[in-house]
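Step one of this worksheet: look at the structure below.
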Amino acid sequence: MAEAGKFDDLIADFAKDSVKENTGVWMTYKRFQYLVARSHRDNVAFLKVMEERMRPYQWAIDRGNLAALKDVANDVMQGVYAETVLKGIRKIDGTVLDYQASDGVALFKQLPDLWDAVFKFANADENYSPDAVKVDSGN
Numbered sequence: 007m008a009e010a011g012k013f014d015d016l017i018a019d020f021a022k023d024s025v026k027e028n029t030g031v032w033m034t035y036k037r038f039q040y041l042v043a044r045s046h047r048d049n050v051a052f053l054k055v056m057e058e059r060m061r062p063y064q065w066a067i068d069r070g071n072l073a074a075l076k077d078v079a080n081d082v083m084q085g086v087y088a089e090t091v092l093k094g095i096r097k098i099d100g101t102v103l104d105y106q107a108s109d110g111v112a113l114f115k116q117l118p119d120l121w122d123a124v125f126k127f128a129n130a131d132e133n134y135s136p137d138a139v140k141v142d143s144g145n
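Okay, so the sequence shown: first residue is 7 according to my numbering, each after it adds one.
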C-alpha cells in the first residue's frame with residue numbers, strides 16, 4: 007500500500023465520473039453528436055452483455071482458437087456497443103434523433119469510420135474524467 011498522501015495528485019489524475027461512464031458523454035463527430043458510454047469494467051451493462059454474447063464462443067477462447075472468432079468478433083463487438091455504449095445521436099443544433107440499437111449496428115456496418123471513432127472514444131479514459139465531463143455538460 008502506498009504511503010498516505012504521497013500519490014494523491016497521481017491518483018486524482020485517474021478519477022472518473024462513474025455516472026457518465028454508464029450514461030455517456032457527448033462525442034462530436036462531423037455534424038452530429040453521439041452519446042457514448044465507456045466500454046469498461048465500470049459499465050455493468052457493457053460487461054454483462056459482452057459476457058452473454060461471447061458465451062457461445064467460450065470454447066474457442068479457452069482453446070486459444072482465435073481464428074474461429076475472426077468472422078464473428080467484430081459483429082459481436084458492434085452489436086454490444088450499439089446496445090450498451092452508443093446511447094443516442096443528435097444533430098449539432100440539439101435535434102435528437104430516434105435511436106435504437108439496431109440503428110447503431112446498421113450505422114457501424116455502413117460507416118466504419120464512425121465505428122472506429124465510437125470505439126476509440128469509448129476506450130479513452132480521459133473522456134470520462136471529471137474535467138472532460140464538465141466540458142460535456144456545457145453541450
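Cβ atoms here follow ideal geometry from the backbone N, Cα and C, with glycine treated the same way.
Here the structure is a predicted model, which means the values were calculated and not measured.
Contact set for residue i: own chain, Cβ-Cβ below 7 Å, skip 5 residues either direction
{"i": "residue 24", "result": "48"}
{"i": "residue 14", "result": "none"}
Anticipated Cβ contact below 8 Å, residue i with residue j, distance rounded
{"i": "residue 38", "j": "residue 97", "result": "6 Å"}
{"i": "residue 222", "j": "residue 75", "result": "In the structure as shown, the chain starts at 7 and stops at 145, and residue 222 therefore has no counterpart that could be examined."}
{"i": "residue 42", "j": "residue 120", "result": "11 Å between Cβ atoms; not a contact."}
{"i": "residue 123", "j": "residue 35", "result": "5 Å"}
Option in the options with minimal Cα separation from residue i
{"i": "residue 137", "options": "14, 92, 12, 31", "result": "31"}
{"i": "residue 127", "options": "36, 81, 45, 16", "result": "45"}
{"i": "residue 81", "options": "33, 14, 132, 112", "result": "112"}
Sub-9 Å separation of residue i and residue j beta-carbons
{"i": "residue 40", "j": "residue 95", "result": "yes"}
{"i": "residue 56", "j": "residue 90", "result": "yes"}
{"i": "residue 52", "j": "residue 86", "result": "yes"}
Cβ shell of residue i (< 8 Å), same chain only, five flanking positions each side left out
{"i": "residue 50", "result": "28"}
{"i": "residue 78", "result": "63"}
{"i": "residue 16", "result": "none"}
{"i": "residue 130", "result": "none"}
{"i": "residue 105", "result": "92, 93, 94, 95"}
Local Cβ density within 10 Å of residue i, reported as buried at 16 or more and exposed below that
{"i": "residue 11", "result": "exposed"}
{"i": "residue 26", "result": "buried"}
{"i": "residue 84", "result": "buried"}
{"i": "residue 102", "result": "exposed"}
{"i": "residue 110", "result": "buried"}
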